[in-house]
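The sequence shown: position 159 = 159 (my numbering), numbered continuously. For reference, the structure discussed in these notes is given below.
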Amino acid sequence: MGKIILTGDRPTGKLHLGHYVGSLKRRVELQNSGEFEKIFIMIADAQALTDNADNPEKVRQNIIEVALDYLSVGIDPTKSTIFIQSQVAELTELAFYYMNLVTVSRVQRNPTVKTEIKLRNFEANIPVGFFCYPISQASDITAFRATTVPVGEDQAPMIEQTREIVARFNNIYGETLVEPNILLPDNAACLRLPGTDGKAKMSKSLGNCIYLSDSEADVQKKVKSMFTDPTHLKVSDPGKLEGNTVFTYLDAFSRDEHFAEFLPEYKCLQELKDHYTRGGLGDMKVKMFLNSILQEELRPIRERRKELEKDIVDVYRILKEGSDVARAVAADTLADVKRAMKINYFEDQELIQEQAKRYAELANQ
Ligand code: TRP
């Protein structure tokens with residue numbers, strides 16, 4: 001069997017640069033590497049509803065935004081199956097059986113769940129569905145027999161939890177499910193791109209995101225107001241790199257070619273960093289360099305999005321076709337799971353015949 005990818009995103013907003021360097025860009029490279037037999041990209045609307053039950057409209061409206069972002073970064077529906085989670089009912093059925101293999105205390109110890117409970121002030125009243133989402137995520141991954149899950153660092157506990165469920169299932173019911181591996185970004189700065197304000201993460205509620213669909217002017221404005229080193233007041237002052245968002249972004253995005261193209265006084269990022277820490281290099285110059293790099297990266301994405309926006313009906317067609325394909329694959333795995341658990345009663349002639357025989361014998365006594 002070849003390698004299979006499954007990954008996805010919650011449709012709670014447009015995708016931003018954090019999603020891009022943390023996962024989207026890699027997905028496109030993996031898609032085009034030809035190394036994978038199948039690739040599934042899921043819009044996780046059902047998961048989004050686990051903490052947005054009172055706001056389904058937000059989820060509903062953002063499905064198309066995420067789909068447009070996917071297609072505009074280069075996810076190609078002829079190579080990758082893009083689908084909507086809620087349209088694959090088999091996933092919820094799988095989750096129902098996996099729930100028996102996980103303890104409440106195990107989910108409580110899941111670091112991602114812990115953080116999210118705090119973040120959402122769920123401490124006193126955690127919705128059961130939200131609490132179970134790591135188990136549902138194990139269904140998403142195993143339903144497609146995924147070997148490889150390219151995600152950001154924050155998802156590591158989910159993949160770990162999935163591996164445990166797989167091991168436990170296979171141990172009880174026989175070798176059925178595939179243990180997935182996480183695939184993290186290889187560049188440390190891409191693991192967790194900070195927000196433009198320097199906070200740990202880009203997040204819509206903090207208003208510190210650069211969106212893939214932002215206009216050229218918006219990107220420039222956001223880069224100009226980015227957090228740097230608050231003690232670097234005069235150009236001549238020595239500057240700090242640590243916690244300096246502009247340099248973190250350069251770590252994530254800049255390549256030597258960018259220097260030749262936009263800032264030929266320097267050969268590479270190290271030279272620029274040395275000058276900054278020595279003093280004599282102003283923030284604005286570094287910011288304008290970053291802006292040039294980001295604009296070059298985002299321009300083709302923005303242009304492709306504009307094209308795609310002209311045919312929204314066709315984007316929904318792509319999602320429908322993907323969901324049909326996904327459903328067939330998940331149904332196949334679900335059938336395997338039910339066979340392994342021996343809850344496939346109607347195709348189990350042995351069971352039916354054996355019980356018929358037992359009752360026939362009873363009747364003859
Ligand atoms: N939890 C992921 C997120 O917050 C979305 C997701 C749902 C996912 N199911 C998945 C990611 C399965 C990878 C694999 O973005």
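We treat Cβ as the ideally placed atom computed from N, Cα and C, and that holds for glycine. Remember, it's a predicted structure, so these values are computed and weren't measured experimentally.
- With contacts defined by Cβ atoms closer than 8 Å, residue 44 and residue 9 form a contacting pair.
- At least one heavy atom of the ligand TRP is found less than 7 Å from the C-beta of residue 10.
- Linking residue 17 to residue 99 through their CA atoms gives a straight-line distance of about 34 Å.
- For the pair residue 196 and residue 245, the CB atoms are nearer than the 8 Å cut-off.
- Counting the other CB atoms within 10 Å of its CB gives residue 90 a total of 16 or more, which places it among the buried residues.
- Sequence-distant Cβ neighbours of residue 272 in its own chain, meaning closer than 6 Å and more than five residues away, are 266.
- For residue 150, the enclosing beta strand (DSSP E) begins and ends at 148-150.
- In the three-state DSSP reduction, residue 129 falls in the helix class (H, G or I).
- Annotation note: the region 266-341 contains no uninterrupted beta strand (DSSP E) run of length 3 or greater.
- Taken through DSSP and simplified to helix, strand or coil, residue 92 comes out as helix.
- Proximity of the beta carbon of residue 4 to the ligand TRP is not indicated: no heavy atom of the ligand is located closer than 7 Å.
- The criterion of a C-beta distance shorter than 8 Å is not satisfied by residue 154 and residue 42.
- Inter-residue distance for residue 325 and residue 82 is about 9 Å (C-alpha atoms, whole angstroms).
- The ligand TRP never approaches residue 21 closely enough for any of its heavy atoms to be under 7 Å from the residue's Cβ.
- Residue side-chain check: residue 142 keeps its Cβ at 7 Å or more from all non-hydrogen atoms of the ligand TRP.
- Here residue 55 is exposed, its C-beta having fewer than 16 other C-beta atoms within 10 Å.
- Secondary-structure assignment with DSSP links residue 7 through a beta bridge to 41.
- For the 8 Å CB-CB criterion, residue 12 and residue 46 do not form a contact.
- Of all C-beta pairs linking the region 138-152 to the region 175-195, three or more are shorter than 8 Å, placing the two stretches in contact.
- Put simply, the backbone Cα of residue 321 is about 10 Å away from that of residue 84.
- Ranked by how close their Cα comes to the Cα of residue 68, the residues 218, 243, 316 have 316 in first place.
- As a beta-bridge residue in DSSP terms, residue 183 pairs with 150.
- Under DSSP, residue 211 forms a beta bridge with 16.
- Apart from sequence neighbours up to five positions away, the residues of its chain that approach residue 334 with a beta-carbon distance below 8 Å are 90, 93, 94, 143, ordered along the chain.
- Scanning 228, 51, 251, 280 for the CA closest to the CA of residue 119 turns up 51.
- Distances from the CA of residue 190 to each of 170, 25, 237 were compared; the closest alpha carbon is that of 25.
- Using a 10 angstroms sphere on the CB of residue 312, the tally of other CB atoms stays under 16, which defines it as exposed.
- Counting along the chain, residue 82 sits inside the beta strand (DSSP E) bounded by residues 81-84.
- The Cβ atoms of residue 178 and residue 146 sit closer than 8 Å to each other.
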